[in-house]
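0 is the number of the first residue of the sequence shown in numbering that gives the first Met the number 0; add one for each residue after it. Using N, Cα and C, we set each Cβ at its ideal position, and we do this for glycine too. Report on one structure; see the data block that follows.
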Amino acid sequence: MRFDAIIFDFDGVLIESELVGNRQIARYLTGIGHPTTTEESMANFMGLSGGDFIAAVERWIGRVLPDDFHAERKAEDERVMVEGIDAVAGAIGFVQSLSPDLPIAIASSSSCRWIRRHLDHIGLRHRFEPMIFSGREHVAHGKPAPDLYLYAAHALGVEIARCVIIEDSPVGATGAVESGAHVIGFVGGSHCAPDHGDRLRALGVRDIAATFDDVTDLLA
């Protein structure tokens with residue numbers, strides 16, 4: 000392949016969590032008097048975490064979130080931690096097809112606990128350990144800053160320009176492009192609308208993949 004390492008986003012690239020999570024957010028916001036569709040939630044909040052995520056939600060509704068929002072989110076996270084979230088179509092086969100000698104990592108806005116639990120669920124944890132990195136835990140500035148990708152590339156021992164990043168969210172793609180890596184915008188998750196590739200291209204992403212077969216072709 001054309002690159003020396005692959006850095007994966009996680010939610011929406013390897014597991015179908017974006018649809019699950021944004022459906023819950025939309026349901027909650029609608030329930031407290033701020034009608035929100037799942038598609039609007041994904042357009043506004045996808046890829047954000049921590050304070051950036053809370054700030055974006057509060058801008059959307061125009062007020063401070065009720066205290067029970069955090070309890071609702073925690074309950075939803077724990078529910079899916081128990082049940083597990085399935086892999087994006089083709090993700091497992093793609094990772095398994097990679098050479099064992101190829102350095103790969105995950106760079107995600109989610110916690111390492113979340114990532115490892117769902118990697119266990121889809122049977123890929125052994126392939127990524129210990130190269131699992133969280134924007135909440137490993138860098139001061141998470142996505143859309145490029146810091147997490149640069150951190151992952153350094154840990155892999157590969158120059159960022161020799162890395163390819165597979166990202167699905169506009170927030171993540173912004174930092175990925177800024178990092179100097181080659182970026183593949185992945186639009187194969189069930190959360191991606193028909194115009195999602197156009198949104199990523201507008202941020203500077205040159206290559207768009209609708210499936211992991213497309214990813215394979217782009218890497219060749």
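- Distances from the alpha-carbon of ILE5 to those of ILE131, THR36, SER168, ALA144 put ILE131 closest.
- For LEU101, the closest alpha carbon among the candidates HIS181, VAL157, ALA25, GLY30 is that of VAL157.
- Spatial neighbours of ARG22 in its own chain (CB-CB distance under 7 Å, excluding positions within 5 residues in sequence) are listed in chain order as THR37.
- ALA208 is bridged by DSSP to PHE185.
- A direct Cα-Cα distance of roughly 14 Å separates VAL81 from VAL19.
- Apart from sequence neighbours up to five positions away, the residues of its chain that approach GLU71 with a beta-carbon distance below 7 Å are TYR27, ordered along the chain.
- The way I'd put it, the segment 94 to 110 does touch the segment 132 to 144; three or more beta-carbon pairs between them come closer than 8 Å.
- Check the Cα spacing between ALA90 and each of ALA154, THR210, ASP216: the tightest is with THR210.
- Around LEU64, the same chain offers ILE53, VAL56, GLU57 as residues with beta carbons nearer than 7 Å, after the five sequence neighbours per side are excluded.
- Per DSSP, ILE165 is one residue of the beta strand (DSSP E) stretching across 162 to 166.
- Around the beta carbon of PRO143, 16 or more other beta carbons lie within 10 angstroms, which makes this residue buried.
- Per the coordinates, the alpha-carbon of ASP119 lies some 21 Å from the alpha-carbon of HIS137.
- Across the structure, PHE2 and LEU147 are spaced so that their CA atoms are roughly 19 Å apart.
- Judged by their CB atoms, ILE14 and ILE60 are not nearer to each other than the 7 Å cut-off.
- Distances from the alpha-carbon of HIS140 to those of SER48, CYS162, ILE165 put SER48 closest.
- HIS117 is the residue among PRO193, HIS117, VAL94 whose C-alpha sits nearest the C-alpha of SER16.
- When the five nearest sequence neighbours on each side are left out, the beta carbons in the same chain lying within less than 6 Å of the beta carbon of ILE165 are those of PHE7, VAL12, ILE183, PHE185, in order along the chain.
- Rounded to whole angstroms, GLY179 and VAL163 show a C-alpha spacing of 10 Å.
- Rounded to the nearest angstrom, the Cβ distance from PHE9 to ILE24 is 18 Å, too far for a contact under 8 Å.
- By the criterion of a C-beta distance shorter than 7 Å, HIS195 is surrounded in its chain by VAL186, once the five residues flanking it on both sides are discounted.
- The residue from ILE103, ALA192, VAL94, ILE31 with its alpha-carbon nearest to that of ALA154 is ILE103.
- The beta carbon of VAL94 is closer than 7 Å to those of LEU123, ARG126 in its chain, skipping five residues each way along the sequence.
- Taking the C-beta atoms as reference points, ASP206 is found nearer than 7 Å to LEU217.
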